[in-house]
Amino acid sequence: MTDQTSNTVSTAESDRSYWKANVRLIRISLVIWALVSFGFGILLRPMLSGIPVGGTDLGFWFAQQGSILVFLALIFFYAWRMNKIDKDYGVEE
Amino acid sequence: MDQFTINLLFVGASFALYIGIAIWARAGSTSEFYAAGRGVHPVTNGMATAADWMSAASFISMAGLIAFTGYDNSSFLMGWTGGYVLLALLLAPYLRKFGKFTVSEFIGDRFYSPTARLVAVICLIVASVTYVIGQMTGVGVAFGRFLEVSNTTGLLIGACVVFAYAVFGGMKGVTYTQVAQYCVLITAYTIPAIFISLQLTGNPIPALGLFGEHQASGEPLLVKLDQIVRELGFNEYTAHHADTLNMTLFTLSLMIGTAGLPHVIMRFFTVPKVSDARWSAGWTLVFIALLYLTAPAVGAMARLNITELMWPNGTDGEAVSIQQIDEDPAYDWMATWQKTGLLGWEDKNGDGMIQYYNDGNAEMQAKAEANGWQGNELTNFNRDILVLANPEIANLPGWVIGLVAAGGLAAALSTAAGLLLAISSAVSHDLIKGQLRPDISEKGELMSARVAMAGAILVATYLGLNPPGFAAQTVALAFGLAAASIFPALMMGIFSKKVNNSGAVAGMLAGLIVTLLYIFLHKGWFFIPGTNTFTDADPLLGTIKSTSFGAIGAAINFTVAYIVTSMTKPIPNEIKELVESVRVPRGAGAAQDGH
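Respectively, the protein sequence lines represent chains D and E. The first sequence begins at 1 in the working numbering and counts up by one. The second sequence begins at 94 in the working numbering and counts up by one.
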């Protein structure tokens with residue numbers, strides 16, 4: 001890591017790569033977010049219709065249960081990763 | 094003790110609790126009034142936000158809409174939870190870092206323009222007032238039933254109660270009141286669901302019971318449900334019938350609307366640190382998910398129960414007789430709900446029985462002709478009554494019914510109070526102090542906040558008497574408006590260092606106006622019934638209903654903002670620095686009043 005206090009140029013650089021790391025994490029998370037809801041829950045449901053879940057199919061389960069569970073996992077995963085990245089870059093409060 | 098007394102006891106006790114808390118935590122200074130002094134723990138904040146968020150739409154209305162439509166209404170479930178992912182990843186931490194009190198302050202500062210702030214305030218007010226109309230619909234249903242008065246009287250009583258504690262409590266009162274409300278509403282929602290799930294499937298967890306076995310028939314619950322609704326000519330419960338484009342856009346509108354609603358975003362200003370804002374969004378969704386994972390089970394099981402009550406001898410046997418409805422205690426709920434005017438039946442062919450089926454289905458019309466039926470005789474079943482009537486339909490004990498009454502009111506009132514607070518702060522803090530009279534005293538600001546609240550509740554009550562749809566549908570319109578106006582501006586403000594003042598103003602205005610126009614064309618001008626040119630059954634643009642238009646509005650907002658930005662002066666350096674500082678948590682500190 002760069003020296004945070006003595007050199008403002010390197011702080012700016014470090015902030016930039018901190019932001020890049022953040023945006024990368026957001027991008028990955030949002031791909032999963034879209035995949036489980038719009039994907040498995042709606043558009044890809046016909047492809048999942050062969051997988052039975054309690055009287056219906058996996059797409060129905062994702063639309064009414066699975067997507068919500070994945071959303072929860074995503075937010076906590078993001079919070080945990082970001083708080084760690086904050087520390088790595090020394091930008092935490 | 095009769096049911097009316099039990100309901101009154103439960104509702105009365107819960108109200109005494111909320112009002113007691115509101116008085117105990119009465120707000121003093123303006124900073125306490127808006128943001129509770131920022132000393133709220135993420136879990137507490139999550140619980141209060143969940144109560145604030147889960148309104149009449151989630152509690153009273155949503156399961157009913159799912160029950161009568163099935164899979165196609167899954168949009169509500171995914172949309173109203175998926176938005177929290179956007180909120181947690183794209184907005185909450187940065188707005189907390191920015192450290193001011195309101196959403197429009199951020200927009201005003203980031204786009205270095207009092208006009209941008211003013212436009213944001215207008216967007217917030219339009220979305221919030223629409224939202225409150227939906228709440229008032231729910232308040233009317235709940236009060237109407239439990240005080241055994243008409244819908245209108247129920248609405249007026251509800252309006253007075255909301256006004257009382259929102260005005261005197263401020264946000265701090267509301268925060269702790271809302272923790273209490275969350276506890277009441279989640280208990281009220283899950284207890285009947287657990288009972289019903291046990292009755293039908295033997296599984297105490299409704300979310301698992303939904304995919305479990307229907308004990309009476311030995312078949313999976315959803316197979317059984319699909320079968321009996323099919324036999325009555327309705328769409329199969331689990332099948333996909335809705336237009337896919339509209340369903341996708343609707344889900345997206347609800348998601349981005351969630352991340353653009355001021356009363357929810359404001360919550361994340363009240364946590365101590367940036368990292369807490371991230372956790373807080375997660376905790377909020379935990380508390381919301383408890384209800385949202387249960388709701389689809391409530392819907393499916395209620396649909397099964399209602400259908401079986403209407404056809405006690407099976408769908409091939411004879412329908413329920415009027416005599417049985419009048420005499421059998423299992424049908425008492427029908428008489429009580431008939432009083433509110435939200436449930437109705439009519440023996441059209443005079444055979445002394447009530448045939449409930451889909452009379453729009455060709456196959457059923459043939460069957461009806463053969464049997465001498467003259468149309469569906471369960472003529473009115475307002476979707477908004479399903480959750481409140483559910484424990485009665487399932488014949489649960491009186492105290493459960495009383496508990497659900499208290500829960501339904503908690504849901505509607507807590508959200509209405511939160512929204513009124515957002516409206517009043519928009520008017521007094523952003524509009525009056527920020528624009529019209531910057532020298533207003535703290536006392537004058539508080540006073541104008543209260544006057545704004547009273548005004549908002551009057552408008553919402555008036556429009557709530559003739560709502561543009563069921564509670565959840567009206568609320569969905571509010572989400573569309575927030576999605577088209579606020580969310581894109583906030584996101585561009587954080588993720589772009591290029592979008593400038595003119596771009597943001599043009600984008601917000603374009604998004605808001607086009608969406609509002611599309612809604613008014615389908616729902617009537619200013620929601621006045623009968624003034625619409627199109628209907629959602631046959632919308633203006635292809636299959637896109639007015640409730641789904643928010644996603645298109647947001648796309649218009651982004652596009653216009655980028656085009657206008659590219660044609661006007663680039664943003665100054667100090668704004669670039671502001672964006673850079675918002676992106677990094679370091680040095681967040683406490684929030685300050687912006688003046």
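By construction, the Cβ of each residue, glycine as well, lies at the ideal position given by its N, Cα and C atoms.
If we cut at 8 Å on Cβ distances, does residue i have a partner in chain E?
i, result
"residue 40 (chain D)", "no"
"residue 50 (chain D)", "no"
"residue 13 (chain D)", "no"
"residue 37 (chain D)", "yes"
"residue 53 (chain D)", "yes"
"residue 45 (chain D)", "yes"
"residue 74 (chain D)", "yes"
"residue 85 (chain D)", "no"
"residue 68 (chain D)", "yes"
"residue 21 (chain D)", "no"
According to DSSP, simplified to helix, strand and coil, what is residue i?
i, result
"residue 594 (chain E)", "helix"
"residue 4 (chain D)", "Because the pLDDT at residue 4 (chain D) is just 46, under 50, the model does not fix this residue reliably, and the point stays unresolved."
"residue 531 (chain E)", "coil"
"residue 334 (chain E)", "coil"
"residue 522 (chain E)", "helix"
"residue 145 (chain E)", "helix"
"residue 310 (chain E)", "coil"
"residue 563 (chain E)", "coil"
"residue 686 (chain E)", "At residue 686 (chain E), the pLDDT of 47 sits below 50, so the modelled position is not reliable; the number obtained from the coordinates is stated separately. DSSP places residue 686 (chain E) in coil when its eight states are reduced to three."
"residue 168 (chain E)", "helix"
"residue 437 (chain E)", "strand"
"residue 585 (chain E)", "helix"
"residue 207 (chain E)", "helix"
"residue 77 (chain D)", "helix"
"residue 242 (chain E)", "coil"
"residue 151 (chain E)", "helix"
"residue 56 (chain D)", "strand"
"residue 447 (chain E)", "strand"
"residue 473 (chain E)", "strand"
Let me know if residue i comes out buried or exposed under the rule of 16 or more other beta-carbons within 10 Å of its beta-carbon.
i, result
"residue 427 (chain E)", "buried"
"residue 551 (chain E)", "exposed"
"residue 618 (chain E)", "exposed"
"residue 360 (chain E)", "buried"
"residue 409 (chain E)", "exposed"
"residue 626 (chain E)", "exposed"
"residue 662 (chain E)", "exposed"
"residue 117 (chain E)", "exposed"
"residue 546 (chain E)", "buried"
"residue 23 (chain D)", "exposed"
"residue 84 (chain D)", "exposed"
Using a C-beta cutoff of 8 Å, does residue i count as contacting chain D?
i, result
"residue 420 (chain E)", "no"
"residue 688 (chain E)", "Any reading at residue 688 (chain E) must be qualified, since the residue scores a pLDDT of 39, below 50, and its modelled position is unreliable; no value is offered."
"residue 382 (chain E)", "yes"
"residue 146 (chain E)", "no"
"residue 585 (chain E)", "no"
"residue 130 (chain E)", "Reliability fails at residue 130 (chain E), whose pLDDT of 44 lies under 50, so the model's placement of it is uncertain and the value that follows must be treated cautiously. Not an interface residue."
Given this structure, state the Cα-to-Cα distance separating residue i from residue j, to the nearest angstrom.
i, j, result
"residue 229 (chain E)", "residue 340 (chain E)", "26 Å"
"residue 286 (chain E)", "residue 391 (chain E)", "6 Å"
"residue 411 (chain E)", "residue 506 (chain E)", "43 Å"
"residue 129 (chain E)", "residue 635 (chain E)", "With a pLDDT of 47 at residue 129 (chain E), under the threshold of 50, the predicted position of this residue should be treated as unreliable, though the coordinate-derived value follows. Those two C-alpha atoms are separated by around 46 Å."
"residue 56 (chain D)", "residue 45 (chain D)", "11 Å"
"residue 204 (chain E)", "residue 26 (chain D)", "24 Å"
"residue 403 (chain E)", "residue 418 (chain E)", "9 Å"
"residue 235 (chain E)", "residue 318 (chain E)", "28 Å"
"residue 69 (chain D)", "residue 325 (chain E)", "34 Å"
"residue 518 (chain E)", "residue 657 (chain E)", "30 Å"
"residue 555 (chain E)", "residue 246 (chain E)", "12 Å"
"residue 48 (chain D)", "residue 31 (chain D)", "18 Å"
"residue 12 (chain D)", "residue 164 (chain E)", "50 Å"
"residue 540 (chain E)", "residue 143 (chain E)", "28 Å"
Does the distance from the CB of residue i to the CB of residue j come in under 8 Å?
i, j, result
"residue 196 (chain E)", "residue 606 (chain E)", "no"
"residue 362 (chain E)", "residue 140 (chain E)", "no"
"residue 290 (chain E)", "residue 394 (chain E)", "yes"
"residue 400 (chain E)", "residue 438 (chain E)", "no"
"residue 259 (chain E)", "residue 515 (chain E)", "no"
"residue 353 (chain E)", "residue 575 (chain E)", "yes"
"residue 557 (chain E)", "residue 243 (chain E)", "no"
"residue 62 (chain E)", "residue 226 (chain E)", "Shown here, chain E extends from 94 to 688; a query on residue 62 (chain E) therefore has no answer."
Taking Cβ-Cβ distances shorter than 8 Å, what residues in chain A pair up with residue i?
i, result
"residue 91 (chain D)", "Protein chains in the displayed structure are D and E, and chain A is not among them."
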